[in-house]
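Working notes for the structure below.
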Amino acid sequence: MVHVDTKRLPLLKGQRVSDKRDYLFVAIDDFSRELYAAVLPDKTANSAAMFLNDHVIKPCPYLIECIYSDNGSEYKGAANHAFGVACFENGINQKFTRPARPQTNGKAERVIRTIMEMWHDKQQFDSPSHRQKELCRFVNFYNTVKPHSSLKGDTPFEVLQAYFSQPVV
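Residue 67 is where the sequence shown starts when you use my numbering, and the numbers rise one by one after that.
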């Protein structure tokens, strides 16, 4: 299962209040805690579908069976909803938190807090492209260097490496 969520990002230095705000999209694997993230210009269903296809499914080395999200309009809607269609086309089941209970998507909520504390709040970004570049660096650090207490001190990369090195029975 992969948990997904979205966060509206603060304005960059020099941006005006009237400027459009960017959004952080995250996906975190329940088993390995492997993180996928991207900054996108809005939180529409189309952006959520693009995030899923381009930033999660393409680089992911394993099959995603289920996506767990809140009930936000970027993830849930009518039958032709872009994110729902992307899930369906990739054979992914969708599960949703109970309405008005975002804390039930705790893994995604927690990783957003970690990202903001360890990445966004500690740096000044010159531009949106600089912010995106630094996010990629942070995700690499998170997945390959940062020990995770929930993984007994291992990194997501180490967990996946151990899993994929097991013999197939």
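Idealized CB from N, CA, C, for every residue including glycine.
When the beta-carbon positions are compared, Y89 and K109 come within less than 8 Å of each other. One thing to note: R99 has its Cβ within 8 Å of the Cβ of H214.
Annotation: the region 177-211 contains the following complete segments of the alpha helix (DSSP H) (minimum length 4 residues), in chain order: 194-210. The shortest C-alpha to C-alpha distance from N119 to any of A145, F149, Q81 is the one to F149. Within the DSSP secondary-structure output, D71 pairs in a beta bridge with V92. The region 130-155 is shown to contain whole alpha helix (DSSP H) runs of 4 or more residues at 148-155, in chain order. Between D71 and E175, the CB-CB gap stays under 8 Å.
Within its own chain, the residues whose Cβ lies closer than 7 Å to the Cβ of V177, once the five positions on either side in sequence are excluded, are V92, I94, L101, listed in chain order. Rounded to whole angstroms, the gap between the alpha carbons of P107 and E140 is 13 Å.
Annotation for L226: the continuous alpha helix (DSSP H) segment containing it runs 222-230. Straight through space, the alpha carbons of K142 and R164 are spaced by roughly 13 Å. In this structure, the beta-carbon distance from C126 to K161 does not fall below 8 Å.
Distance check between G138 and each of Y128, A152, N146, A111 places A111 closest, using alpha-carbon atoms only. Cβ neighbours of V122 within its own chain (closer than 6 Å, five residues either side excluded): A93, Y102.
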